[in-house]
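Asks: Residue numbers (my numbering), protein chains in the order written: chain A, 1 to 236; chain B, 237 to 472. I have a structure here, written as structure tokens, and I will follow up with some questions on it.
Number of protein chains: 2
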Amino acid sequence: EIVAAVEALLSPKEQPLKGCKIILTSGPTHEPIDPVRYIANRSSGKQGHALAAALAELGAEVHLVSGPVTIPDPKGVKTYHVETAREMMAQVEKLLPADAGVFVAAVADWRTDSEATQKMKKEKGQAAPTLKLVENPDILATVGHHAKRPKLVVGFAAETNDVIENARGKLVRKGADMIVANDVSHSSGIGERGVMGGDRNRVHLVTAAGVESLEEASKDEVARQLARRITEILKR
Amino acid sequence: EIVAAVEALLSPKEQPLKGCKIILTSGPTHEPIDPVRYIANRSSGKQGHALAAALAELGAEVHLVSGPVTIPDPKGVKTYHVETAREMMAQVEKLLPADAGVFVAAVADWRTDSEATQKMKKEKGQAAPTLKLVENPDILATVGHHAKRPKLVVGFAAETNDVIENARGKLVRKGADMIVANDVSHSSGIGERGVMGGDRNRVHLVTAAGVESLEEASKDEVARQLARRITEILKR
Numbered sequence: 001e002i003v004a005a006v007e008a009l010l011s012p013k014e015q016p017l018k019g020c021k022i023i024l025t026s027g028p029t030h031e032p033i034d035p036v037r038y039i040a041n042r043s044s045g046k047q048g049h050a051l052a053a054a055l056a057e058l059g060a061e062v063h064l065v066s067g068p069v070t071i072p073d074p075k076g077v078k079t080y081h082v083e084t085a086r087e088m089m090a091q092v093e094k095l096l097p098a099d100a101g102v103f104v105a106a107v108a109d110w111r112t113d114s115e116a117t118q119k120m121k122k123e124k125g126q127a128a129p130t131l132k133l134v135e136n137p138d139i140l141a142t143v144g145h146h147a148k149r150p151k152l153v154v155g156f157a158a159e160t161n162d163v164i165e166n167a168r169g170k171l172v173r174k175g176a177d178m179i180v181a182n183d184v185s186h187s188s189g190i191g192e193r194g195v196m197g198g199d200r201n202r203v204h205l206v207t208a209a210g211v212e213s214l215e216e217a218s219k220d221e222v223a224r225q226l227a228r229r230i231t232e233i234l235k236r
Numbered sequence: 237e238i239v240a241a242v243e244a245l246l247s248p249k250e251q252p253l254k255g256c257k258i259i260l261t262s263g264p265t266h267e268p269i270d271p272v273r274y275i276a277n278r279s280s281g282k283q284g285h286a287l288a289a290a291l292a293e294l295g296a297e298v299h300l301v302s303g304p305v306t307i308p309d310p311k312g313v314k315t316y317h318v319e320t321a322r323e324m325m326a327q328v329e330k331l332l333p334a335d336a337g338v339f340v341a342a343v344a345d346w347r348t349d350s351e352a353t354q355k356m357k358k359e360k361g362q363a364a365p366t367l368k369l370v371e372n373p374d375i376l377a378t379v380g381h382h383a384k385r386p387k388l389v390v391g392f393a394a395e396t397n398d399v400i401e402n403a404r405g406k407l408v409r410k411g412a413d414m415i416v417a418n419d420v421s422h423s424s425g426i427g428e429r430g431v432m433g434g435d436r437n438r439v440h441l442v443t444a445a446g447v448e449s450l451e452e453a454s455k456d457e458v459a460r461q462l463a464r465r466i467t468e469i470l471k472r
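Rendered as structure tokens:
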């Protein structure tokens with residue numbers, strides 16, 4: 001019975017999310033230091049792109065705002081390419097209102113204070129430079145407290161320690177309905193390459209009601225389970 | 237006559253570099269800030285990998301030390317994958333002695349003073365952090381002044397201003413026989429995407445004898461011309 005219900009829910013003919021507009025971010029952001037250097041993070045975009053595809057398969061109108069990744073745009077999804085956190089924030093706000101906002105991207109918390117317009121030179125006998133950082137816009141918190149806040153706001157949190165505790169704090173501070181938390185430490189024991197850049201993931205769904213941990217699975221399978229959960233909430 | 241001579245030189249049967257061991261670096265380096273963040277640069281590895289392939293086609297035993305790139309290992313070349321400047325330096329020194337060292341990689345001049353072992357957290361009400369940088373090893377200068385210095389040492393210099401002047405200074409300071417300089421500024425007018433990440437390049441060969449500028453061409457064609465030039469010098 002349960003299997004049949006799930007299969008019905010997942011059948012492309014069913015399209016339970018038909019008519020739902022979902023904004024989703026994925027990938028890293030790159031924050032330029034000068035014309036050739038930048039600050040980056042290890043997000044591959046695999047989990048976010050897989051989730052965008054899974055939501056589109058359920059009939060949603062998915063708008064994917066993607067940082068610089070080397071994987072192809074998912075099928076059936078409108079993809080917008082951005083580089084920096086500020087560009088990602090602007091594109092997301094342009095796409096509001098929406099039924100759900102799902103923020104998978106590993107947005108850089110900081111950028112350099114001032115981007116150099118010429119390549120910074122190493123000078124003999126001079127000390128190495130210091131990079132003064134400033135805070136980037138917090139896309140999840142901005143949308144979580146937005147006048148046009150979607151009905152459902154989901155954030156992702158990549159942590160290397162105190163995974164659940166950090167996610168609980170974010171749920172409240174950022175005004176999210178759910179934080180999908182995962183352990184991206186090298187010692188997580190997930191896959192051969194760890195979570196970042198790898199193909200497997202183990203996530204914990206943190207809501208006001210509590211914590212639910214999914215089994216370790218491929219990022220595609222995790223995406224399908226998350227898409228199902230998002231459907232349940234939107235159709236509640 | 238000239239065409240025939242060049243064709244003979246380029247014929248796979250001729251293999252003028254047979255018996256020559258060449259160390260070549262390519263791609264960017266990534267310098268970790270913490271487990272998820274790093275400092276990177278826009279090198280795609282296309283020019284370095286193309287040159288490695290072109291030298292191998294001329295019969296050289298090419299050892300390619302590659303930073304993190306998304307392009308495949310070139311055929312007929314032994315490729316070593318590294319991430320940081322320090323790893324690249326160590327791998328290059330392990331490969332000495334060699335007949336030639338060709339340093340195409342865009343090695344990060346600086347890394348952070350101390351890599352954080354846990355993900356740096358953004359804390360409410362706290363100022364954004366400052367990244368203190370320290371100098372990385374200079375692979376070109378180290379090999380240019382090495383006890384096991386190859387007969388031919390070629391460096392690459394990506395510049396956004398004063399291209400030739402900067403390259404002349406590097407030739408002397410780094411103990412190189414040739415600097416291949418190019419303009420990677422957004423305003424270089426080369427290709428649609430500029431040189432970095434793009435498929436075209438225009439380079440200037442700076443030696444003690446003077447400057448020779450090659451025509452703008454595809455990176456594969458630039459690689460073939462450089463391989464020919466390297467062959468002439470090694471066989472002199």
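Don't be surprised by glycine CBs; every beta carbon is placed ideally from N, CA and C.
The beta strand (DSSP E) spanning Met178 (chain A) covers which residue range?
Replies: 178–183
Asks: Assign His145 (chain A) to one of two classes, buried (16 or more other C-beta atoms within 10 Å of its C-beta) or exposed (fewer than that).
Replies: exposed
Asks: Mind checking who Glu159 (chain A) pairs with in its DSSP beta bridge?
Replies: A:Asp183
Asks: Ala363 (chain B) to Tyr80 (chain A), Cα distance in whole Å?
Replies: Using only the alpha carbons, I get a separation of about 32 angstroms.
Asks: Grab me the residues of Met196 (chain A)'s own chain with a C-beta within less than 6 angstroms of its C-beta, minus the 5 sequence neighbours each way, in chain order.
Replies: Answer for Met196 (chain A): Arg42, Val184, listed in chain order.
Asks: Starting from His285 (chain B), find everything on chain A with Cβ-Cβ shorter than 9 angstroms and list it in chain order.
Replies: Close partners of His285 (chain B) in chain A (Cβ separation under 9 angstroms) are lacking, with about 15 angstroms as the shortest Cβ gap.
Asks: Quick one: is Gln354 (chain B) buried, meaning 16 or more other Cβ sit within 10 Å of its Cβ, or exposed?
Replies: Flag for Gln354 (chain B) reads exposed.
Asks: For the stretch 337–357 of chain B and the stretch 254–269 of chain B, state whether three or more C-beta atom pairs, one from each stretch, are separated by less than 8 angstroms.
Replies: yes
Asks: When you compare only the Cα positions, how much space is there between Ala296 (chain B) and Ala336 (chain B)?
Replies: Each residue's Cα considered, the two are about 10 angstroms apart.
Asks: Do the stretch 216–235 of chain A and the stretch 47–54 of chain A meet, that is, are 3 or more Cβ pairs less than 8 angstroms apart?
Replies: yes
Asks: Any chance you could list the alpha helix (DSSP H) runs of at least 4 consecutive residues sitting entirely within the stretch 34–82 of chain A, in chain order?
Replies: As far as the stretch 34–82 of chain A is concerned, its whole alpha helix (DSSP H) runs of at least 4 residues are 46–57.
Asks: Note down, in chain order, every chain A residue with its Cβ under 9 angstroms from the Cβ of Met190 (chain B).
Replies: It is not possible to answer for residue 190 (chain B), since the shown part of chain B is limited to 237 through 472.
Asks: Following the continuous beta strand (DSSP E) through Lys124 (chain A), name the residue where it begins and the one where it ends.
Replies: Looking at the DSSP string, Lys124 (chain A) is not in any beta strand (DSSP E), and its letter there is neither H nor E.
Asks: Kindly give me the distance between the Cβ atoms of Asn166 (chain A) and Ala157 (chain A), rounded to whole angstroms, as I take these residues to be in contact under 8 angstroms.
Replies: 6 angstroms
Asks: Looking at C-beta atoms only, is the number of pairs between the stretch 300–308 of chain B and the stretch 358–373 of chain B that lie closer than 8 angstroms three or more?
Replies: no
Asks: Restricting to Cα atoms, I'd like to know which of A:Thr207, A:Asp199, A:Pro32, A:Ala56 is closest to Arg86 (chain A).
Replies: A:Pro32
Asks: According to DSSP, simplified to helix, strand and coil, what is Thr480 (chain B)?
Replies: Any property of residue 480 (chain B) remains undetermined from this structure, which presents chain B solely from 237 to 472.
Asks: Less than 6 angstroms between C-beta atoms, sequence neighbours within five positions excluded: which residues of the same chain meet that for Glu212 (chain A)?
Replies: Leu205
Asks: The beta strand (DSSP E) spanning Val203 (chain A) covers which residue range?
Replies: Its beta strand (DSSP E) spans residues 203–207.
Asks: Please name the residues in the stretch 353–380 of chain B whose beta-carbon is closer than 7 angstroms to at least one beta-carbon of chain A, in chain order.
Replies: Gln354, Lys355, Lys358, Ala364, Pro365, Thr366, Leu367, Lys368, Leu369, Val370, Glu371
Asks: Do Ile275 (chain B) and Ile39 (chain A) have their beta-carbon atoms positioned less than 8 angstroms apart in this structure?
Replies: yes
Asks: Using a C-beta to C-beta distance shorter than 9 angstroms, which residues of chain A count as neighbours of Asn397 (chain B)?
Replies: Gln118, Lys119
Asks: Run down chain B in chain order and give the residues with a C-beta less than 8 angstroms from the C-beta of Asn41 (chain A).
Replies: Val272, Arg273, Tyr274
Asks: Classify Val36 (chain A): buried if its beta carbon has 16 or more other beta carbons within 10 angstroms, exposed otherwise.
Replies: buried
Asks: Which first and last residues belong to the alpha helix (DSSP H) in which Val328 (chain B) is found?
Replies: 321–331
Asks: Given a limit of 8 angstroms on CB to CB distance, which residues of the stretch 334–348 of chain B reach chain A?
Replies: Ala342, Ala344, Asp345, Trp346
Asks: Chain A partners of Ala394 (chain B), CB-CB under 8 angstroms?
Replies: Close to Ala394 (chain B), with beta-carbon spacing below 8 angstroms, are these residues of chain A in chain order: Val36, Lys119.
Asks: Sort A:Thr142, A:Arg111, A:Arg149, A:Val153 by Cα distance to Glu135 (chain A) and report the nearest one.
Replies: A:Arg111
Asks: Within 8 angstroms of any Cβ in chain B, is that where the Cβ of Ser66 (chain A) sits?
Replies: no
Asks: List the endpoints of the continuous beta strand (DSSP E) containing Lys257 (chain B).
Replies: 257–262
Asks: What separation, rounded to the nearest whole angstrom, lies between the Cα atoms of Asp220 (chain A) and Asp73 (chain A)?
Replies: 15 angstroms
Asks: Where does Leu253 (chain B) fall in DSSP's three states?
Replies: coil
Asks: Would DSSP call Arg429 (chain B) helix, strand or coil?
Replies: coil
Asks: Determine the burial state of Glu428 (chain B): buried for a count of at least 16 other Cβ atoms within 10 Å of its Cβ, exposed for fewer.
Replies: Glu428 (chain B) comes out exposed.
Asks: At a Cβ threshold of 8 angstroms, is His63 (chain A) touching chain B?
Replies: no
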